[in-house]
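J.: Mapping the sequence shown onto this note's numbering, position 46 (from 1) lands on 38, and the numbers just tick up by one.
We treat Cβ as the ideally placed atom computed from N, Cα and C, and that holds for glycine.
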Amino acid sequence: MKLLTLNCHSWQEEQQLEKLDILAKTITERDYDVIALQEVSQLTDAPAEGDYKKGHFGLELLKRLAAFGRKDDRMHWTFCHYGYDIYEEGVALISRLPITAADSFFITESVDPDHWKTRAVPRITVDAGGQLIDFYSCHLGWWSDEEEPYIEQVERLIGKQHPDRLSFYMGDFNNHAGLKEEGYGLLLSKGLEDTYTLAESKDSGTTVFGEIAGWEGNAQPLRIDYIFASAPVKVRSSKVIFNGEHYPVVSDHFGVEVEIEI
């Protein structure tokens, strides 16, 4: 099974349509089964197009995937909050495997879409050759946030885990693996397994260089985008993608792909 997570910074990138094409082509070439995306937006005042609005980033991606021959992909998107005054920003999961269930839940105290710290998580259950597996697309806050404490966000997230089902938590966790006593260490203490650590083959794991929104003043390479498993799994490889070396840069974050034996 091949998985991808990417904070796609949608509609904020220069040459956005070209980067969207690169993303769709790469997904097709790399043959991912499940994809987690964060910062997936649509214009608030755009007209409806099916279940979404015209120009929804995920919908535009699905159209391109279909054009490349991937016609079985389905998307589950959750609206979190308004961004830049004109967008409805959310998080999404795309699967080419059959989706047997889908839901969403808030991990912040706030559920007000006018508050930029409001965060929700979509979840899907897929049928992977007869095995039901849960996937979550996560975009958490910051360790130092007193208004929406990180610990409480993690508690709400892990509290939704099915006790008898393998789960993958994929996304932008906004906490650097190099800081063991903060969010990364907390996630491991909750029983999550970092697929990067488990991987037989891996690279540096770096997903952010320098300053980006929310990391102003940062001058070090960061590993803040992860794919966690709820139990130990056999991971053949973990690679950073869309970093300029392994496919072109398409966002202010690099992506992470893993190959897992299920």
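Based on the DSSP output, what are the partners of R66 in its beta bridges?
T.: Bridge partners of R66: S87.
J.: Using C-beta distances below 6 Å, list every residue in its chain close to A94, excluding the 5 sequence neighbours before and after it, in chain order.
T.: Counting only Cβ-Cβ distances below 6 Å, and skipping sequence neighbours, we find H68, I116.
J.: Kindly list the residues whose CB is nearer than 7 Å to the CB of L(-2), restricted to its own chain and excluding five residues on each side of it in sequence; keep chain order.
T.: So the list reads L29, F234, S243, H245, G247, once near-sequence residues are dropped.
J.: Excluding five sequence neighbours on each side, which residues of the same chain lie with their C-beta closer than 6 Å to the C-beta of Y161?
T.: Correct list, in chain order: Y128, C130, F220.
J.: Going by C-alpha to C-alpha distance, which of D164, V232, S181 sits closest to D195?
T.: It is V232 whose Cα lies nearest to the Cα of D195.
J.: Classify K182 as helix, strand or coil using the three-state DSSP reduction.
T.: Three-state result, K182: coil.
J.: So what does DSSP say about Y44, is it helix, strand or coil?
T.: Note: Y44 maps to strand in three-state DSSP.
J.: When we look at the beta-carbon of T92 and count the other beta-carbons within 10 Å, is it buried (16 or more) or exposed?
T.: Its Cβ having fewer than 16 others within 10 Å, T92 is exposed.
J.: Counting C-beta neighbours from all protein chains within 10 Å, is the total for R111 16 or more, i.e. buried, or is it exposed?
T.: Answer is buried; the Cβ neighbour count reaches 16.
J.: In or out: I252 buried (at least 16 other Cβ within 10 Å) or exposed?
T.: So I252 counts as buried.
J.: Do G82 and T70 count as a contact pair if the criterion is CB distance below 9 Å?
T.: Yes. Within cutoff.
J.: For the alpha helix (DSSP H) holding I14, just list the boundary residues, first then last.
T.: Per DSSP, I14 belongs to the alpha helix (DSSP H) from 8 to 22.
J.: So what's Y218 in DSSP terms, helix, strand or just coil?
T.: If DSSP states are grouped into helix, strand and coil, Y218 belongs with the strands.
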